[in-house]
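Visitor:
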Ligand code: ADP
Ligand code: MG
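Numbering (this note's numbering), first residue to last: 30 to 485.
1) Which of the three DSSP states is assigned to residue 392 in this structure?
2) If I measure Cβ to Cβ from residue 354 and keep anything under 7 Å in the same chain, skipping five residues before and after, which residues do I get?
3) Going by other Cβ atoms of all chains shown within 10 Å of its Cβ, with 16 needed for buried, is residue 38 buried or exposed?
4) Assign residue 331 to buried or exposed, taking buried as 16 or more other Cβ atoms, counted over all protein chains shown, within 10 Å of its Cβ.
5) Secondary structure at residue 406, three-state DSSP: helix, strand or coil?
6) Thinking just about the alpha-carbon of each residue, which of 366, 86, 213 is nearest to the one in residue 140?
7) State the start and end residues of the unbroken beta strand (DSSP E) segment that holds residue 247.
8) May I ask which residues mark the beginning and end of the beta strand (DSSP E) holding residue 68?
9) Taking a cut-off of 7 Å, which residues have a beta-carbon closer than that to any heavy atom of the ligand MG, in chain order?
10) Which of helix, strand or coil does DSSP assign to residue 178?
11) Please determine whether the Cβ atom of residue 342 lies at a distance below 8 Å from any heavy atom of the ligand ADP.
12) Let me make sure I understand the geometry here. Which of 78, 76, 50 has the alpha-carbon closest to that of residue 93?
13) What residue range is occupied by the uninterrupted beta strand (DSSP E) comprising residue 311?
14) List the residues that DSSP assigns as beta-bridge partners of residue 112.
15) Nearer than 8 Å: is that true of the beta carbon of residue 321 relative to any heavy atom of the ligand ADP?
16) Taking the straight line between their C-alpha atoms, what separation do you get for residue 459 and residue 315?
17) How is the beta strand (DSSP E) around residue 276 delimited, first residue to last?
18) Is there contact between the stretch 239 to 252 and the stretch 193 to 200, where contact requires at least three CB pairs shorter than 8 Å?
19) In or out: residue 421 buried (at least 16 other Cβ within 10 Å) or exposed?
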């Protein structure tokens, strides 16, 4: 995936400015592995190798990045940092900073985030199945739902639920001599394994992971293509399963969609219960916003909660991000968190009534018609060049005209991955930016005219 040239220049300039503040070494460590996929004028898209990177960067550097991006791209720009999915991320993941290796040979559950409990988890239609499965596993570990495999998109609460299982099991275990619980992300597992092999400590590594009552492994999609790790993981799985230990796995996709996963692992992943988490519906989003505001001690007017719930639809982490930004901006500007203020912070500058309110369906229709295709062609899996190109243009229009999230667009186009959408947007944007592809510019222009005509 090649980012558009023009945006690369902007990204390089942002990096220079960031390095000016952080010093070259720190900037190099954290931002060299990041890839910029461009900007649509409202959001600057960055992709980093894995979740640890994303979490570290969003906690420590998002403010600085946003500040620098805004200097160059305008005061409303938001920086969106996503972890790479699939293999690309995996191989890059090797560059990730070494994980903390717990002292001693028994894994300590100290890495459980104290905030991620069942109490702080808002249950709604989209996650109730998964939530119930997690509760069941705490109540009856190592029995029916073993392993429990939970999957769902980024920022939907998988990690939160896994930690909640850890906390709740620890509490339950206190009465019966204590349970041994190990929570680890898949790339940490891989890193520890590599370190163990290097240092001739594989026995200790094995003891560590095979002597637990609960093994919680986050983001197992990162096993894709990692043959050595898969073999080790397979043996760990078997050893634990035989002792009746409970295994909980999370992934951004179901076992059958993890590429380059050994068949024997795939079948094991499906032995117990596979439960999915869906993006939250409107009510759940509202409930989550209310809950998060409450924990931050902020009073949010209803119309503000409404704006956020309407604008951020697919990612709970993003909802939290918006709230945090909103609170920070309000205190910085000594402003009340009003609806106008929220729209401003969200970069929603166009007045409501002027916003084009065509649905993605309609935009697909219009684009398909323009290319003499059917809407069905557009969302099909066909890779024929003319269809693929029309599809990319349609995705671009959906993004530009509805501001829908990448995952939303992916869903509307035959359930494609958000990285595919990103790729399409980047491609169209770079065609437009290059300026030498008259056709992209002309096509978009004509389509926009068609859209205007339908609107009026
Ligand atoms: P994932 O692992 O699926 O990418 P996380 O578990 O890291 O997502 O969740 C992202 C953020 O959203 C976390 O801060 C988490 O606490 C919060 N979150 C997700 N789902 C819920 C929920 N149902 N109720 C409250 N907070 C949630
Ligand atoms: Mg997670």
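Ideal Cβ placement from N, Cα and C applies to all residues, glycine included.
Guide: Well, looking at it:
1) The DSSP-derived three-state label of residue 392 is helix.
2) Result list for residue 354: 374, in chain order.
3) Classification of residue 38: exposed, given that the 10 Å Cβ count is below 16.
4) Around the C-beta of residue 331, fewer than 16 other C-beta atoms lie within 10 Å, and the residue is accordingly described as exposed.
5) If DSSP states are grouped into helix, strand and coil, residue 406 belongs with the helices.
6) When each option's Cα is compared against that of residue 140, the closest is 213.
7) From DSSP, the beta strand (DSSP E) with residue 247 extends over 243 to 247.
8) For residue 68, the uninterrupted beta strand (DSSP E) run begins and ends at 64 to 68, by DSSP.
9) Cβ atoms closer than 7 Å to the ligand MG belong to 80, 187, 188, 247, 248, 279.
10) The answer is strand: DSSP assigns residue 178 an E or B state.
11) No, Cβ of residue 342 sits at least 8 Å from all heavy atoms of the ligand ADP.
12) Per the Cα distances, 50.
13) Where residue 311 is concerned, there is no enclosing beta strand (DSSP E), although the alpha helix (DSSP H) it sits in stretches over 311 to 324.
14) Beta-bridge partners of residue 112 (DSSP): 77.
15) Yes, the Cβ of residue 321 comes within 8 Å of a heavy atom of the ligand ADP.
16) Taking the Cα positions, residue 459 is about 37 Å away from residue 315.
17) Membership of residue 276 in the beta strand (DSSP E) is indicated by the continuous run 275 to 280.
18) With a cut-off of 8 Å, the stretch 193 to 200 and the stretch 239 to 252 count as touching, because enough Cβ pairs lie within range.
19) Buried, since its Cβ has 16 or more Cβ neighbours within 10 Å.
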